[in-house]
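Beneath this line is the structure, given in structure tokens, with notes to follow.
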Amino acid sequence: MNMTRVAFLGLGAMGFRMAAHLCVPDIELVVWNRSPEAADALLKAGARWANTPAEAAEHADVVVSMVRDDDASRQVWCDPDSGALSRMRSGALAIESSTLSVAWVAELANTCSSAGVGLLDAPVSGSRPAAQSAQLVYLVGGEANDVATATPLLQRMGSAVQHVGAVGSGTLAKLVTNALLGVHVSVLAELNGLLDGLSVGQNTDAARVLSAVAATPVWAPVDHFLSSVMQSGDDQPQFPVELIEKDFGYVVSANPQAELPMLETAWQVFRRGIDAGLASRNMTAVAKLY
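Here my numbering runs 896 ahead of the position in the sequence shown, where the first position is 1.
Below you can see the structure in the form of structure tokens.
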């Protein structure tokens, strides 16, 4: 399949950085966003503006979406008047890179199939710096042939493409990834609060204790970053509290019959963060709760 005509839907903090890597001479890039001004820099770099997702998708070989949640995804793909699927040609490929619920991705897959459009659910692991430097890891669900076709395009925006199974598998892998990350964040936030509240001699502090723990096998690589950010107090958003809270809701809903006490507890930490006015701050800001 020809992959030179690309439509990109959603130019938020992640989408803009991803789409910027597609502003290259061998790609005809068309972009859409609810707020047109978000596209200004891309238009100056050679992208073309579309007034609706449908207009963006009309002549595209592949349409990529990077939006906030299920509701936004449903609107950009399936709105009967402005949705991308209303004008995508049969045989084109849809790539949904948003972090969504498993149930919605299954519904979207059926809708795409009815329209003769292939679908990859290809959410990404990595925050804004990784998107900026094209170091995202793609977690992809879909047909092997479609994954092979899309891989060169995805590699312009990421450093790795992991094909994890059928449509829906990428979404599940992303939700599990974010759930595990959220557990690390919530536990480290609590431990930082515990250590800050203790006094064991004059030469002991939270940073020194955690530095020692970091030398043991129980310390995960991501914990270095999470702990240092918490201790610095820098809560500039890379992965906001409100978004990881949303993802916990999606992962818990993936199997309503499952017993998930650890995930439910971590989810509650981020809900408390939202109640405390931290919704737009980085996920590590929940350390302020303690």
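Beta carbons: idealized from backbone N, C-alpha and C, even for Gly. Since we're looking at a predicted model, the values are computed, not measured.
Task: Rounded separation between L989 and M1179 - CA only - done: Within the sequence shown, the letter at position 93 stands for residue 989. Within the sequence shown, the letter at position 283 stands for residue 1179. Distance between the alpha carbons of L989 and M1179: 33 Å.
Task: Proximity below 8 Å, CB of G1037 to CB of T1073 - done: Numbered from its first residue, the sequence shown carries residue 1037 at position 141. Numbered from its first residue, the sequence shown carries residue 1073 at position 177. Contact flag unset, no.
Open item on the list: Please state whether the Cβ-Cβ distance between S994 and P1025 is less than 8 Å.
Closed with: Counted from its first residue, the sequence shown places residue 994 at position 98. Counted from its first residue, the sequence shown places residue 1025 at position 129. The answer is no: Cβ separation not under 8 Å.
- [ ] Using the Cα positions of E924 and V902, report the straight-line distance between them to the nearest angstrom.
- [x] Numbered from 1 along the sequence shown, position 28 holds the residue referred to as residue 924. Numbered from 1 along the sequence shown, position 6 holds the residue referred to as residue 902. Going from the Cα of E924 to the Cα of V902 covers about 6 Å.
Task: Range covered by the beta strand (DSSP E) that runs through L1135 - done: Locating residue 1135 in the sequence shown gives position 239, counting from the first residue. Looking at the sequence provided, one finds Phe at residue 1135 rather than Leu. Segment: none, F1135 is in no beta strand (DSSP E) and carries neither H nor E.
- [ ] Pick out the complete beta strand (DSSP E) segments inside the segment 1003 to 1069, 3 residues or longer, and give them in chain order.
- [x] 1014 to 1017, 1032 to 1037, 1054 to 1061
Task: Residue range of the unbroken beta strand (DSSP E) whose run includes L989 - done: Against the sequence shown, residue 989 aligns to sequence position 93. Note, L989: beta strand (DSSP E), 989 to 992.
Task: Presumed contact (8 Å Cβ cut-off) between A1085 and Y1186, rounded CB distance - done: Taking the first residue of the sequence shown as 1, we reach residue 1085 at position 189. Taking the first residue of the sequence shown as 1, we reach residue 1186 at position 290. Contact holds; Cβ gap of about 6 Å.
Open item on the list: Taking the straight line between their C-alpha atoms, what separation do you get for P1152 and L905?
Closed with: The sequence position of residue 1152 within the sequence shown is 256, counting from 1. The sequence position of residue 905 within the sequence shown is 9, counting from 1. Computed Cα separation, rounded: 31 Å.
TODO: Return the chain-ordered list of same chain residues with a C-beta closer than 7 Å to the C-beta of M914, the five sequence neighbours on each side being excluded.
DONE: The residue given as residue 914 occupies position 18 in the sequence shown. Hits under 7 Å: M962, A1027, M1053.
TODO: Keeping to the same chain, check which residues put their C-beta closer than 6 Å to that of A1075; ignore five residues upstream and five downstream.
DONE: In the sequence shown, the residue the question calls residue 1075 occupies position 179. Only V1147, L1159 meet the Cβ criterion.
- [ ] Could you tell me if G1014 is buried or exposed, where buried requires 16 or more neighbouring beta carbons within 10 angstroms of its beta carbon?
- [x] Here the question's residue 1014 lines up with position 118 in the sequence shown. It is buried - the Cβ of G1014 has at least 16 other Cβ atoms within 10 Å.
Open item on the list: For M910 and S1023, I'd like the C-alpha separation in whole angstroms.
Closed with: In the sequence shown, residue 910 corresponds to position 14, counting from 1. In the sequence shown, residue 1023 corresponds to position 127, counting from 1. Roughly 7 Å between the two C-alpha positions.
Task: Residue range of the beta strand (DSSP E) that includes S961 - done: Taking the first residue of the sequence shown as position 1, residue 961 is located at position 65. Unbroken beta strand (DSSP E) run through S961: 958 to 961.
- [ ] Classify G1061 as buried or exposed, calling it buried when 16 or more other Cβ atoms lie within 10 Å of its own Cβ.
- [x] Within the sequence shown, the letter at position 165 stands for residue 1061. That one is exposed.
- [ ] Using alpha carbons as the reference points, say which of G1078, P1117, W1115 lies closest to D1143.
- [x] Here residue 1143 refers to the residue found at position 247 when the sequence shown is read from its first residue. For D1143, the nearest C-alpha among the options comes from G1078.
Open item on the list: Beta-carbon within less than 6 Å of S1055's beta-carbon, same chain only, minus the 5 sequence neighbours each way: which residues are those?
Closed with: Locating residue 1055 in the sequence shown gives position 159, counting from the first residue. Cβ within range, chain order: Q1031.
- [ ] Please confirm whether A1183 and N1088 have their CB atoms less than 8 Å apart.
- [x] On the sequence shown, position 287 is the one that residue 1183 refers to. On the sequence shown, position 192 is the one that residue 1088 refers to. Cβ distance < 8 Å, so A1183 and N1088 count as in contact.
- [ ] Kindly list the residues whose CB is nearer than 7 Å to the CB of N929, restricted to its own chain and excluding five residues on each side of it in sequence; keep chain order.
- [x] Counted from its first residue, the sequence shown places residue 929 at position 33. So the list reads G906, L907, A935, once near-sequence residues are dropped.
Task: Beta-ladder partner(s) of F904, from DSSP - done: The sequence position of residue 904 within the sequence shown is 8, counting from 1. Bridge partners of F904: V927, V960.
Open item on the list: Suppose contacts are defined by Cβ-Cβ distances below 8 Å. Is A1116 in contact with H1080 by that definition?
Closed with: One-based indexing of the sequence shown puts residue 1116 at position 220. One-based indexing of the sequence shown puts residue 1080 at position 184. Against a cut-off of 8 Å, the Cβ pair of H1080 and A1116 comes out as a contact.
- [ ] Work out the CA separation of P949 and W1000 for me, nearest whole Å.
- [x] Taking the first residue of the sequence shown as 1, we reach residue 1000 at position 104. Taking the first residue of the sequence shown as 1, we reach residue 949 at position 53. The straight-line gap from Cα to Cα measures roughly 19 Å.
Open item on the list: Assuming E951 is part of the alpha helix (DSSP H), what are its boundary residues?
Closed with: In the sequence shown, residue 951 corresponds to position 55, counting from 1. Here the alpha helix (DSSP H) through E951 covers 949 to 953.
TODO: Determine, using beta-carbon pairs with one atom in the segment 998 to 1012 and one in the segment 941 to 959, whether at least three such pairs fall under 8 Å.
DONE: no
Task: Nearest neighbour of E1039, chosen from L1049, D1017, P1048 [CA to CA] - done: Reading the sequence shown from its first residue, position 143 is the one you call residue 1039. E1039 has its Cα closest to that of D1017, out of L1049, D1017, P1048.
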